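Q:
Residue numbers (the working numbering): 21 to 285.
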């Protein structure tokens, strides 16, 4: 629906309401009202005066009937207006949500225990949701419970979502506060399906034996996430080793220069 169609429908609705109001005013004043909702004013009233009783104006429609007809006309006019075109905008697209409502929805969906309860293992975030995640730093900053979006995605075994969060720059080595649980730990254990199981996991993580007992009964790991996180951690380790090697070479070069300068002097 185009903007012109919406404007035209709105004008028709307003015209119907004006006509309805006009009916009610005429009925209250005692002027006759015809079926089309129009009146000729005093001239029509004079024509409606019965013979032998001049000066007495009789409405051809009672006030109650006019009120009922007016209400029905207003309801019909309201129903005929394509409100979806006004609410949804051009081409029937959904009205854009405000930034605050979008952020609240994304935070509740991807950075809370609600994600654990979603059964779709192939869940992905769309472009708008990814932008909101990045703006709110949900993939980096942990909540008051110590979890961030990557922890929830790994615990829920959402492999595609984990990949998206890592592409945004999520740290694969970030730990759940107070429980020393890494995303790799969460992916290696069975899928966490709700908040109650998440609390059970946190309680078990307070000791090594408790965590082993939990892992034994939790179910199979998510191999896709485990392979992805292991690969990233291996690359990080190689980068650290390369950086250490460069520092050692730079330090050796500096010592050689110092020895050479002393020898020359």
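Cβ coordinates follow ideal geometry from the N, Cα and C atoms, glycine included.
The structure displayed is predicted, hence computed values, not measured ones.
Just tell me which of 197, 120, 186 has its CA closest to the CA of residue 225.
A: Here the closest residue by C-alpha is 197.
Q: If you draw a straight line from the C-alpha of residue 129 to the C-alpha of residue 254, how long is it?
A: When rounded, the distance between both Cα atoms is 30 Å.
Q: Could you check the C-alpha separation between residue 122 and residue 275 for me, to the nearest Å?
A: Distance between the alpha carbons of residue 122 and residue 275 is about 58 Å.
Q: Roughly how many whole angstroms lie between the Cα atoms of residue 160 and residue 280?
A: One C-alpha to the other measures close to 48 Å.
Q: Tell me the residue span of the alpha helix (DSSP H) that contains residue 271.
A: Element bounds for residue 271: 243-284.
Q: Is it buried or exposed for residue 175, if we count other Cβ within 10 angstroms and need 16 for buried?
A: With 16 or more Cβ atoms within 10 Å of its Cβ, residue 175 is classed as buried.
Q: Would you check if the distance between the CB atom of residue 210 and the CB atom of residue 238 is smaller than 7 Å?
A: Yes, Cβ-Cβ distance for residue 210 and residue 238 is below 7 Å.
Q: Which residues does DSSP list as the beta-bridge partners of residue 196?
A: Answer by DSSP bridge pairing, in chain order: 201.
Q: Is residue 152 helix, strand or coil when you go by DSSP?
A: Reduced to three states, the DSSP call for residue 152 is helix.
Q: Looking only at its chain, what residues have a beta carbon closer than 8 Å to the beta carbon of residue 214, apart from the 5 residues adjacent to it on each side?
A: Within the same chain, residue 214 has close Cβ partners 133, 136, 137.
Q: Hey, quick one: how far does the alpha helix (DSSP H) through residue 170 stretch, first residue to last?
A: Residue 170 -> alpha helix (DSSP H) spans 169-175.
Q: Just how far apart, CA to CA, sit residue 163 and residue 258?
A: Straight-line Cα distance between these residues: approximately 30 Å.
Q: If you draw a straight line from the C-alpha of residue 277 to the C-alpha of residue 271, how long is it?
A: Straight-line Cα distance between these residues: approximately 10 Å.
Q: Measuring CA to CA, which of 261, 144, 245, 235 is closest to residue 181?
A: Comparing Cα-Cα distances from residue 181 to each of 261, 144, 245, 235, the minimum goes to 144.
Q: So, is residue 169 buried or exposed, given that buried needs 16 or more other C-beta atoms within 10 angstroms?
A: Buried, by the Cβ-count rule.
Q: Under a Cβ-count criterion, where at least 16 other Cβ atoms within 10 Å of its own Cβ denotes burial, should residue 184 be classed as buried or exposed?
A: Label assigned to residue 184: buried.
Q: Given residue 153, which residues of its chain have a CB within under 7 Å of its CB, disregarding the five upstream and five downstream residues?
A: Same-chain partners within the cutoff: 126, 130, 145, 159, 169, 188.
Q: Between residue 266 and the rest of its own chain, which residues show a CB-CB distance below 7 Å, the 5 nearest in sequence each way excluded?
A: The answer is none, since no qualifying residue turns up.
Q: On the criterion of 16 or more Cβ atoms from any shown chain inside 10 Å, does residue 179 qualify as buried, or is it exposed?
A: Buried is the call here.
Q: Taking residue 242 and residue 171 to be in contact with their CB atoms under 8 Å, please state how far apart those CB atoms are, rounded to whole angstroms.
A: So it is not a contact: roughly 13 Å between Cβ atoms.
Q: Quick check: what's the CA-CA separation for residue 273 versus residue 283?
A: So the two alpha carbons sit approximately 15 Å from each other.
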